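Novice: The structure follows.
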Amino acid sequence: MSDPGEASQALLTRAFSYLRLSGMDAAQCCRAVEGLAGALADTLTRGTATEADFAALWAAFIERSAPVRAPGGAEEGAPTLPILRGSIGYARFGR
Amino acid sequence: MSAPRGRAWQGSARWRRWLLALLVAAQTTAACYAMLGVLPYHGSTGLERAIVAVSAILFGWISAGFWLATFGFVIRRCGGDPLSPGARFPDAALEAVALAPTAVVFPIYHEDVQRTLAGVRAVWRDVMRSGLGEHFTFFVLSDSRDPAVWLLEREACQRLREELGAQCRLHYRRRTINLNRKTGNVADFLRRWGRHFTYMIVMDADSVMQGAALVRMVRVMASDPKIGILQTAPTLINAVSAHARIQQFATRLYGPLFTDGLAALQLGEAVFWGHNAIIRVEAFMRHCGLRHLRGWGFLRGSVLSHDFVEAACIWRAGYEVWLDPHVEGSFEESPPTLVDELERDRRWAHGNLQHLYFLFRRGVSGAHRMAFANGIMAYLASALWFAYLVLITVELAQFTLRPIEYFPDPNSPFPVWPEWQPQWAINLAVSTLFVLFAPKLLALIDVALDRERRRAMGGVGRLALGMVLEMAVSILLSPIRMLSHTRYVVVTLLNLPVRWAGQNRTEEIGWAHAVLHHAPGSVLALGWAGFAYWLQPLFFYWSLPIAVPLLLAAPVTVWLSRFGSGRALRRAGLLLTIDETHPSAVVRDLQQAPALLQPSAVGAFETAVIDPQRNRFHVAQARRRADTALRRQRRAALVARCLAGGPAAVSTAEQAWLVDDGRALAELHAAVWCAPPDTWWHARVAQVCAAGQ
């Protein structure tokens with residue numbers, strides 16, 4: 001890990017951008033990043049933060065703020081029409 | 096069920112078709128007689144007999160068009176065909192007919208996403224305006240393979256659903272395995288969801304229809320259970336380039352005569368044109384699946400132009416197919432340039448020539464055989480015209496360069512003195528021009544007699560000017576189309592592969608592209624005209640109407656493709672159509688549709704990986720699959736490769752796999768947001784963040 005201050009700043013900036021792209025307004029983003037900054041401060045207080053610490057902070061933050069959905073989970077608002085299987089009759093043409 | 100029998104219209108169909116056949120035969124016989132008179136040996140040589148045979152087919156072809164338009168003119172002036180669905184089912188009588196569940200399907204393949212979805216939006220809004228929207232469900236059926244396209248389609252559909260609100264029943268479905276092109280796409284839809292619906296309205300990517308038209312079609316189908324397919328006659332809209340505006344004007348001006356004539360001739364044995372039509376789902380599912388052709392060469396494989404064949408199948412099963420030109424509000428768009436039109440014709444030529452397979456099969460009605468023959472001739476006529484020019488050149492070369500042969504027939508003791516009869520030649524040329532251009536004059540008279548249409552198209556003066564311009568361009572383009580279609584016929588007969596791609600609907604043609612595209616034709620024209628001049632100056636002048644357009648093909652193509660040229664014609668009040676001067680609500684909606692997607696410098700795949708909202712959306716859309724060891728292994732390898740080298744490190748198919756997998760897309764998303772500073776993904780994330788701010 002290079003400079004912990006630089007890495008911390010990069011983490012917080014990235015978190016802010018991520019939440020903005022997730023559709024949150026700026027105030028909500030600030031509050032969420034505030035929480036991350038607190039967790040980061042706790043980590044730094046305990047000693048020098050490693051790359052693994054930063055990764056763990058990021059993963060926890062993402063999980064808390066904007067969890068990734070599982071495949072197959074229907075999107076809200078998307079209509080679904082149940083499949084009602086039918087068969088196709090194929091045409092034959094004699095000579 | 097077997098082919099329809101004992102319907103009132105069948106007697107009328109029979110005598111109308113016989114009348115047309117007699118008129119065409121009489122006119123063609125007279126033309127052949129005149130041609131024999133023109134040729135120096137009056138048909139005594141094999142070469143001359145070949146010329147007469149080719150001329151007979153070509154003249155018969157244009158004569159059929161002439162009489163069809165004349166029928167159309169007479170029918171229109173007499174107040175319409177009493178047997179047509181429009182006359183049998185007046186709007187007032189249909190009002191009480193209940194609507195059944197109807198699917199409106201848009202099969203697409205690598206189309207302009209914004210344009211396609213704007214069309215879907217416009218139709219949906221118009222259906223809702225009709226107050227009967229609850230009976231219709233919309234489907235965008237994508238066959239696109241490139242994730243750069245289908246990711247945008249999926250996102251745009253979601254945006255559209257959000258915009259149209261909770262009541263919007265719009266489904267997006269993408270096939271991961273693209274079997275049998277458009278037929279396979281629609282068949283896949285029918286297998287999964289067909290049984291939910293009584294009717295299906297098939298649209299093209301550039302189709303738009305008024306809600307009232309959809310409602311009317313459903314009611315006509317409900318009123319006559321014998322109808323299997325009801326086809327509308329779409330008119331062209333939204334043309335901007337000069338080329339597209341000329342096609343749009345031509346279909347608006349001349350189209351009604353031909354479609355009315357055709358509808359009156361075909362009656363309940365009409366054909367399906369592939370879109371802007373309603374289909375009885377159960378009958379279609381039961382009888383219209385198309386197997387791969389089992390012939391040789393180009394007559395093998397999937398049926399490319401499926402629509403005519405499906406019409407023949409459903410008719411054979413006892414249902415009728417009607418063309419109803421009087422359903423108002425059925426629209427489509429024209430390719431913006433000649434090159435795009437010819438590219439489309441390349442596929443259509445292959446598809447139509449495949450109909451040779453069905454032409455003489457058992458169980459096909461006479462009317463459908465004629466429709467197959469007509470479709471084949473749409474391209475074969477060009478090859479025959481080319482053959483005619485070759486034969487005429489050889490005839491003249493023989494006549495000029497060889498000593499005169501007084502006994503061309505070795506079995507005849509009587510000498511034949513070759514003679515030219517210029518008066519006959521002039522008569523034949525004038526008659527041919529009359530047959531070609533009289534339908535256009537009839538169309539002008541038809542519009543001139545209709546005050547509303549006449550005013551909407553700019554008045555008689557502007558209409559006539561527009562017609563002269565259209566005829567001039569048509570004369571310029573005919574030899575170019577003839578040469579291209581001839582090439583397509585040869586390429587098809589040699590069974591060279593067809594590229595089945597989405598169409599360009601929005602771009603102009605550059606000089607380099609046009610020159611390269613038309614260079615072979617221009618060189619051929621130069622050589623032919625030079626040879627004609629060397630042979631006989633009179634023949635050189637005769638060759639000019641064909642050679643000059645081929646020499647001018649590149650500049651003409653470029654000028655016609657320019658949007659500026661089209662706009663200038665519009666400003667001058669030329670080539671106006673009723674849909675330009677008085678656009679309906681659905682057309683206005685289409686033109687004013689808001690952008691569903693913002694332009695982005697970042698590709699669709701990268702956005703799906705990086706952007707949290709889009710990533711969540713696409714992960715949620717992925718199919719839930721068993722996470723097998725094989726799948727885990729492939730996922731790990733592809734994710735590692737994509738993370739190390741960016742999207743360029745995986746192929747388009749692999750990108751599609753990563754997105755379809757869902758888990759892979761989520762893994763990529765988590766990883767790229769933690770990518771080390773000196774990596775490709777880190778820079779891309781920074782770019783997306785900067786754009787997002």
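In order, the protein sequence lines correspond to chains A and B. Per the numbering used here: the first sequence = residues 1 to 95. Per the numbering used here: the second sequence = residues 96 to 788. A virtual CB, placed ideally from N, CA and C, is assigned to each residue, including glycine. Note that the coordinates shown come from a computational prediction; the quantities given were computed from them, not determined experimentally.
#1: Mapping DSSP to helix, strand and coil, what is B/Arg172?
#2: Which two residues bound the contiguous alpha helix (DSSP H) that contains B/Tyr628?
#3: Beta carbon of B/Phe166, beta carbon of B/Asp355: below 9 Å?
#4: Kindly confirm or deny that the region 117 to 124 of chain B and the region 362 to 380 of chain B touch, where touching means at least three C-beta pairs closer than 8 Å.
#5: What residue ranges within the region 187 to 270 of chain B form continuous beta strand (DSSP E) runs of no fewer than 3 residues, ordered along the chain?
#6: Between the beta-carbon of B/Ile332 and the beta-carbon of B/Thr672, is there less than 9 Å?
#7: Can you tell me whether B/Gln262 is buried or exposed, with buried defined as 16 or more other CB within 10 angstroms of its CB?
#8: Quick one: Cα of A/Gly77 to Cα of B/Glu565, how far?
#9: Flag A/Ala32 as yes if its beta-carbon sits less than 9 Å from any beta-carbon of chain B, otherwise no.
#10: On the three-state DSSP scale, how would you describe B/Trp512?
#11: Quick check: B/Phe494 and B/Pro517, are their CB atoms within less than 9 Å of each other?
#12: State the DSSP-derived secondary structure class of B/Tyr474, mapped to helix, strand or coil.
#13: With a threshold of 9 Å between beta-carbons, can A/Ser22 be considered close to chain B, or not?
#14: Is it the case that the region 680 to 689 of chain B contacts the region 209 to 217 of chain B, given that we only count it when at least three CB pairs across the two stretches are under 8 Å?
#15: By a C-beta neighbour count over all protein chains shown, 10 Å radius and 16 as the cutoff for buried, is B/Leu578 buried or exposed?
#16: On the premise that B/Leu285 lies in contact with A/Ile88, defined as a C-beta separation below 8 Å, what is that separation, rounded to the nearest angstrom?
#17: Inspect the beta-carbon positions of B/Leu325 and B/Val310 and report whether they are closer than 9 Å.
#18: Classify B/Ile272 as buried or exposed, calling it buried when 16 or more other Cβ atoms lie within 10 Å of its own Cβ.
#19: Quick check on the DSSP output: what are the complete beta strand (DSSP E) runs of length 3 or more inside the region 409 to 464 of chain B, in order along the chain?
#20: Given a limit of 7 Å on CB to CB distance, which residues of the region 366 to 388 of chain B reach chain A?
#21: Is there a C-beta anywhere in chain A that falls below 9 Å from the one on B/Asp706?
#22: Check B/Arg395 in the structure and name its three-state DSSP category.
#23: Taking any Cβ of chain B, which residues in the region 33 to 66 of chain A have a Cβ under 8 Å from it, in chain order?
#24: If I measure Cβ to Cβ from B/Asn522 and keep anything under 8 Å in the same chain, skipping five residues before and after, which residues do I get?
#25: So which of B/Arg582, B/Trp637, B/Val555 has the shortest CA-CA distance to B/Trp443?
#26: Considering only C-alpha positions, which residue in the set B/Arg719, B/Glu423, B/Ala761, B/Glu675 is nearest to B/Val704?
#27: Check each candidate in B/Pro135, B/His291, B/Pro202 and name the one with the smallest Cα separation from A/Thr80.
#28: If you check the beta carbons only, do A/Val33 and A/Phe16 fall under 9 Å apart?
#29: For A/Leu12, go through chain B and note every residue whose CB falls closer than 7 Å to its CB, in chain order.
#30: When we look at the beta-carbon of B/Ala759 and count the other beta-carbons within 10 Å, is it buried (16 or more) or exposed?
#31: Bridge partners of B/Arg375, per DSSP?
#32: For B/Pro772 and B/Glu602, what's the separation of their Cα atoms in angstroms?
#33: Going along chain B, which residues have a C-beta under 7 Å from A/Ala91?
#34: Quick check: what's the CA-CA separation for B/Gly446 versus B/Met380?
#35: Cβ of B/Ala406 within 9 Å of Cβ of B/Ala365?
#36: Within 10 angstroms of the Cβ of B/Thr652, are there 16 or more other Cβ atoms? Answer buried if so, exposed if not.
Specialist: Working from what's here:
#1: Residue mapping note: residue 172 of chain B aligns to position 77 of the second sequence, counting from 1. Reduced to three states, the DSSP call for B/Arg172 is helix.
#2: Residue numbering aside, residue 628 of chain B sits at position 533 when the second sequence is read from its first letter. Residues 606 to 630.
#3: Within the second sequence, residue 166 of chain B is the residue found at index 71, counting from 1. Within the second sequence, residue 355 of chain B is the residue found at index 260, counting from 1. Yes, Cβ-Cβ distance for B/Phe166 and B/Asp355 is below 9 Å.
#4: no
#5: 197 to 203, 231 to 237, 265 to 269
#6: Along the second sequence, one-based indexing puts residue 332 of chain B at 237. Along the second sequence, one-based indexing puts residue 672 of chain B at 577. Taking 9 Å as the Cβ cut-off, B/Ile332 and B/Thr672 qualify as a contacting pair.
#7: By 1-based counting over the second sequence, the position of residue 262 of chain B is 167. Classification for B/Gln262: exposed.
#8: In the first sequence, residue 77 of chain A corresponds to position 77, counting from 1. In the second sequence, residue 565 of chain B corresponds to position 470, counting from 1. Low confidence applies here, because A/Gly77 scores a pLDDT of 48, under 50, leaving its location unreliable and the question unanswered by this model.
#9: To locate residue 32 of chain A, count along the first sequence from 1; it is residue 32. No, A/Ala32 lies away from the interface with chain B (no Cβ there is under 9 Å from its Cβ).
#10: As a working mapping, residue 512 of chain B is identified with position 417 in the second sequence. Three-state result, B/Trp512: coil.
#11: The sequence position of residue 494 of chain B within the second sequence is 399, counting from 1. The sequence position of residue 517 of chain B within the second sequence is 422, counting from 1. It is not a contact, given that the beta carbons lie outside the stated cut-off.
#12: The residue given as residue 474 of chain B occupies position 379 in the second sequence. Looking at B/Tyr474 - three-state DSSP - the assignment turns out to be helix.
#13: Along the first sequence, read from residue 1 onward, the residue named residue 22 of chain A stands at position 22. Output row for A/Ser22: interface = yes.
#14: yes
#15: Position 483 of the second sequence holds residue 578 of chain B. Buried, because 16 or more other Cβ atoms sit within 10 Å of the Cβ of B/Leu578.
#16: As a first step, residue 88 of chain A is located in the first sequence; it is residue number 88 there, counting from the start. As a first step, residue 285 of chain B is located in the second sequence; it is residue number 190 there, counting from the start. Contact flag correct, Cβ pair sits at about 6 Å.
#17: If you number the second sequence from 1, residue 325 of chain B lands on position 230. If you number the second sequence from 1, residue 310 of chain B lands on position 215. In this structure, B/Val310 does not lie closer than 9 Å to B/Leu325 by Cβ.
#18: The sequence position of residue 272 of chain B within the second sequence is 177, counting from 1. Under this definition B/Ile272 is an exposed residue.
#19: 415 to 419, 425 to 427
#20: Met380, Arg381, His382, Cys383, Gly384, Leu385, Arg386
#21: One-based indexing of the second sequence puts residue 706 of chain B at position 611. So, interface residue.
#22: Position 300 of the second sequence, counting from 1, holds the residue named residue 395 of chain B. In the structure shown, B/Arg395 sits in a strand (DSSP, three-state: E or B).
#23: Ala55, Trp58, Ala59, Ile62, Ala66
#24: For the purposes of this step, residue 522 of chain B is identified with residue 427 of the second sequence, where counting begins at 1. Hits under 8 Å: Ala129.
#25: Within the second sequence, the letter at position 348 stands for residue 443 of chain B. For the residues B/Arg582, B/Trp637, B/Val555, the minimum Cα distance to B/Trp443 belongs to B/Arg582.
#26: Working through the second sequence from its first residue, we reach residue 704 of chain B at position 609. Among B/Arg719, B/Glu423, B/Ala761, B/Glu675, the Cα nearest to that of B/Val704 belongs to B/Ala761.
#27: Taking the first residue of the first sequence as 1, we reach residue 80 of chain A at position 80. A/Thr80 has its Cα closest to that of B/His291, out of B/Pro135, B/His291, B/Pro202.
#28: Indexing the first sequence from 1 puts residue 33 of chain A at position 33. Indexing the first sequence from 1 puts residue 16 of chain A at position 16. Result yes, Cβ atoms of A/Val33 and A/Phe16 sit closer than 9 Å.
#29: Residue mapping note: residue 12 of chain A aligns to position 12 of the first sequence, counting from 1. Here the premise fails: no neighbours, minimum Cβ distance about 13 Å.
#30: Here residue 759 of chain B corresponds to residue number 664 of the second sequence, with the count starting at 1. Buried, by the Cβ-count rule.
#31: Locating residue 375 of chain B in the second sequence gives position 280, counting from the first residue. In the DSSP output, where bridge partners are listed per residue, B/Arg375 has B/Tyr294.
#32: For the purposes of this step, residue 772 of chain B is identified with residue 677 of the second sequence, where counting begins at 1. For the purposes of this step, residue 602 of chain B is identified with residue 507 of the second sequence, where counting begins at 1. Going from the Cα of B/Pro772 to the Cα of B/Glu602 covers about 40 Å.
#33: The count along the first sequence starts at 1 and reaches residue 91 of chain A at position 91. Within chain B, the residues near A/Ala91 are His382, Cys383, Gly384, Leu385, Cys408.
#34: To locate residue 446 of chain B, count along the second sequence from 1; it is residue 351. To locate residue 380 of chain B, count along the second sequence from 1; it is residue 285. In a straight line, the C-alpha of B/Gly446 is about 22 Å away from that of B/Met380.
#35: By one-based count along the second sequence, residue 406 of chain B stands at place 311. By one-based count along the second sequence, residue 365 of chain B stands at place 270. Closer than 9 Å, so yes.
#36: Locating residue 652 of chain B in the second sequence gives position 557, counting from the first residue. Classification of B/Thr652: buried, given that the 10 Å Cβ count is 16 or more.
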